[in-house]
Amino acid sequence: MRDAIIGPRAASVSANEPTNLPGVLHAAWLIARKDLAIEFRTRTAFFSSIVFALLGLTIFYFAWDPTAVAAIDIAPGVLWVIFTFSGLLGLQRSFGVEQADGAMDALLAAPVDREAIYLGKALANVLFVAGVQAIALPALALFYSVPLGGVWLPLAGIALLAAVGIVAVGTLFSAMAVNTRLAELLLPMLSLPFFLPIVTAAAQTTARLVAGRPAAEAWPWLRILLGFDLVFVVACAVAFPYTLDE
Amino acid sequence: MPGAAEIVIDANRPVVEAEGLVRVFGGRRAVDGVDFTIGAGECLALFGPNGAGKTTLLRLLAGLLAPSEGICRVGGVRLREGAAARAQVGLVSHTSMLYGALTAHENVEFAARLYGVRDPSDAARRALAEMRVADRANAPVRALSRGLQQRVSIARAIVHAPRLLLCDEPYTGLDESGSAALTAALADRRDRGAALLLVTHNLGEGLALASHAAVMRRGRFVRHEARATLDVAAYATEYRELATADA
């Protein structure tokens, strides 16, 4: 740092001076990449979510009476219960990593918009939830012998759309809950009512896809899913900056 | 978000201008009408007993808190109005503000990227070298001692060569070598024209770097004068009496 011009600051130029502040999307990507790097190093939340998802599938499997309910009828419900609660585990961690040593202050003091912080966190969370889904979905097919062969791609699309809605709401409430003493309890209490329309629409769409029903039957539910995604993403991005004010 | 071309910092104005700053929490006025300026190359050492409002004032100046009343400008730009002003500020706090799972270099580089520093990796390397912690650059922060973490935290705060460096008890946890590195880094920045605000309980540390000194009590500046006019012994006695009276 000794390479700076010595003299009055008005005339000095340092090699390290900010020259090109990141835009919203660039800053969001930097934050998401940082969060994913932390998760990759620790792997605590990801493994916890995977274990939770697999244990959940196992418990549902042993509680299920195949003579009373067909696999094809129970599988969509099980899948979305598992996705919802394993996703919550990841969302808990989202702002927890900022809280540990006051890193949130450094993020807020940095020259990035608060919307960028939200988008960065949300992007990392979507990738996290999608990662859990990518493992839980084949596990479900295996446990329940559900033929997913022809519907893999649309099912993956629905899972991603639902992940967007869940994460949009969950990221906002994670930021709100992290400073409270009951964060672990508060996040699900706040989030789950808002997850309901997303999860209901996703489960209904999944059920129709898995049962091989015509696409026209799934379309109304898919539109509901898309609508809630849009509303939640916009509303939560707008509301997020206010949750950070002391 | 302004890009480089949109950053308009007025170099002819004081680096910091605080006018009638007030911050109220509930009914309590943590900062109660503070006015001051810090020019380029000046260092204000801010002393005061616990609960005097020093940290709240620092958080106002860092843009972490919005003032209830008053205005705070950095380089003529209101802090809460834009990233351009925040890009000129570096903050060293009570907490390390680092990510334990990332290495020292990754932490500082991440900050450099957020501040739009050219060649962030190299800037991070040089900042860590300046704080004499380059040999631990690739160690995860959680594996470092409290003192080394504090050095990395300071490297993070100076990596973008801020015009204003806000330090809240920066010597906490530092050993002799770390304290010397910090004093050298702060003096270097001050001599190159950065403005410093140094909050400390230690009069010796504060006055060693200060061009001005202020004492804060119950949210207000009760003393504020140029360092050159101070009788240090008398100042120390008065400050001790003041701190004891509030304890």
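Chains as they are written, first to last, in my numbering: chain P, 1054 to 1299; chain L, 11 to 257. Yeah, the Cβ is synthetic: ideal placement off N, Cα and C, and Gly gets one too.
Contact annotation: in the segment 103 to 117 of chain L, residues whose CB is within less than 8 Å of a CB in chain P are S103, H104, T105, S106, M107, L108, Y109, G110, A111, L112 and E116. Closest option to E116/L, judged by alpha-carbon separation, among V1165/P, A1090/P and G1202/P: A1090/P. The beta carbon of R156/L sits no closer than 8 Å to any beta carbon of chain P. DSSP places P1075/P outside both helix and strand once states are collapsed to three, so it counts as coil.
In this model, A93/L and C177/L are separated by some 20 Å (Cα to Cα). Using a Cβ-Cβ distance cut-off of 8 Å, the segment 1155 to 1171 of chain P and the segment 1191 to 1202 of chain P are not in contact, since fewer than three pairs of beta carbons, one from each stretch, lie closer than that value. Residue-level contact by beta carbon holds for F120/L and chain P, with a gap shorter than 8 Å.
When C-beta distances to chain L are compared with 9 Å, the residues of the segment 1138 to 1166 of chain P below that value are V1150, E1151, A1153, D1154, G1155, A1156, M1157, D1158, A1159, L1160, L1161, A1162, A1163, P1164, V1165 and D1166, in chain order. According to the DSSP assignment, A220/L belongs to no alpha helix (DSSP H), since it is labelled neither H nor E. The residue among M141/L, A40/L and A95/L with its C-alpha nearest the C-alpha of F231/L is A40/L. The beta carbon of T1095/P falls within 8 Å of a beta carbon belonging to chain L, placing the residue at that interface. Under DSSP, the beta-bridge partners assigned to A236/L are H222/L. Contacts with chain L (Cβ-Cβ distance below 7 Å) from the segment 1231 to 1257 of chain P involve no residue at all. Annotated as proximal: R200/L and L206/L, with beta-carbon spacing under 8 Å. Spatial neighbours of L1275/P in its own chain (CB-CB distance under 6 Å, excluding positions within 5 residues in sequence) are listed in chain order as T1258.
Nearest in C-alpha terms to G1265/P, of all of I1125/P, L1083/P and T1111/P, is I1125/P. Identification of chain P residues near R228/L by a Cβ-Cβ cut-off of 8 Å yields none; the smallest Cβ-Cβ distance measures about 20 Å.
Going by C-alpha positions, L74/L is about 9 Å away from L68/L. Excluding its 5 nearest sequence neighbours in each direction, R233/L has C-beta neighbours in its own chain below 7 Å: A224 and V225, listed in chain order. V169/L sits away from Q159/L, with the two beta carbons spaced by 8 Å or more. Less than 8 Å separates the beta-carbon of A1106/P from that of A1189/P.
At the C-beta level, L1172/P and L1240/P stay beyond 8 Å of one another.
Taken through DSSP and simplified to helix, strand or coil, D178/L comes out as strand.
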